[in-house]
Amino acid sequence: MATYPYFDAARNGVNFEQMVATVAQIPAGDVLLLHGCCHNPTGSDLTPAQWSQIADLVAERKLLPLIDFAYQGFADGLREDAAGLLAMARPGCELLVASSFSKNFGLYNERIGALTVVAATESAAQSALSHVKQAIRANYSNPPAHGAAIVTTVLSDPDLRAEWEGEVAEMRERINTMRHLFVETLNEKGVARDFSFIARQRGMFSFSGLNAAQVQALRDRYGIYVVGGGRINVAGMTEANMDYLCAAIADVLQG
Ligand SMILES: Cc1ncc(COP(=O)(O)O)c(C=O)c1O
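If you read the sequence shown in my numbering, its first letter stands for residue 45, the second for the next number, and so on.
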């Protein structure tokens, strides 16, 4: 397994030039793992134009994209969040999508998701199915059934589906509202550092740019827990704790 550059801490965004330069060297037939939306841990997603450029490279170099799709509906919408992977779904191109229903159905402890395989030909689809069955047999043989039954029930009933879509939208809007409120509240607290990138990012997580000493100070002085590399869980922010959080960050940034 090899990696490609993705995040540029200096600009708090995707280092697209380096990503493209590396992807352009990947040998034909290799699998390219991409996050469909709400990139974990950085919060930085590709733009539609960047997705299309990566899709061109994937087609040109005959790579097999594997889209890790764990947060569908958490960025801009259930359909909107699939735009990147749909850019890869071109006639004759093959594609693997690993969807998780842990977050968007709140079914973390049911271990439920779905693998979508797009094959170029009918016979390739049959071969893929037989490989998938073998992998299943060797890994877990028989999946837990209840999560799948819940997802199937919800998605096949128009009323339940509409209710679920509304709840996912509520989650998405709440997280995006918290992102904006976080930036505004830091400004109100007199923080000079530019955190506006947090409002442009999407999903449950963002790299805050806080260093190890600041992360430790937040824990020691305020009982606020940020992952060592500075990754914050945006979904943990609420209107009630925002003032405390931002005052604490303003304090630790002063040293
Ligand atoms: C990008 C990404 N993929 C997959 C997962 C895990 O999905 P699951 O709970 O379905 O194993 C996570 C987080 O838990 C994630 O952030």
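The C-beta atom is built at its ideal place from N, Cα and C for all residues, glycine as well. Note that this is a predicted model, so its numbers are computed, not measured.
(1) Going by the CB atoms, is the gap between Ser250 and Val278 shorter than 7 angstroms?
(2) Mind checking whether the beta-carbon of Gly150 lies closer than 6 angstroms to any heavy atom of ligand 1?
(3) Using three-state DSSP, classify His83 as helix, strand or coil.
(4) Going by CA-CA distance only, name the one from Thr47, Ser252 and Ala172 that's closest to Arg275.
(5) Does Asn277 come out as helix, strand or coil in the three-state DSSP assignment?
(6) Answer with buried or exposed for Pro109, where buried requires no fewer than 16 other C-beta atoms within 10 angstroms of its C-beta.
(7) Exposed or buried, what is Ser174 when buried is set at 16 or more other beta-carbons lying within 10 Å of its beta-carbon?
(8) Less than 7 angstroms separating the beta-carbons of Ile111 and Val141?
(9) To which residues of the same chain is Ala163 closer than 7 angstroms at the C-beta, ignoring the five residues directly before and after it?
(10) Is any heavy atom in ligand 1 found nearer than 6 angstroms to the beta carbon of Asn56?
(11) Taking DSSP's pairing of strands, which residues face Val67 in a bridge?
(12) What are the boundary residues of the beta strand (DSSP E) that includes Leu140?
The short version:
(1) In this structure, Val278 places its C-beta atom within 7 angstroms of the C-beta atom of Ser250.
(2) It does not: the Cβ of Gly150 is nowhere closer than 6 angstroms to a heavy atom of ligand 1.
(3) It is coil, neither helix nor strand.
(4) Among Thr47, Ser252 and Ala172, the Cα nearest to that of Arg275 is on Ser252.
(5) Residue state, collapsed to three classes: strand.
(6) With 16 or more Cβ atoms within 10 Å of its Cβ, Pro109 is classed as buried.
(7) It is exposed - the Cβ of Ser174 has fewer than 16 other Cβ atoms within 10 Å.
(8) Contact: yes.
(9) Around Ala163: Glu138, Ala169 and Ala172.
(10) Every heavy atom of ligand 1 is 6 angstroms or more from the Cβ of Asn56, so no.
(11) Per DSSP, none; premise fails for Val67.
(12) According to the DSSP assignment, Leu140 belongs to the beta strand (DSSP E) that extends over Leu139 to Ser144.
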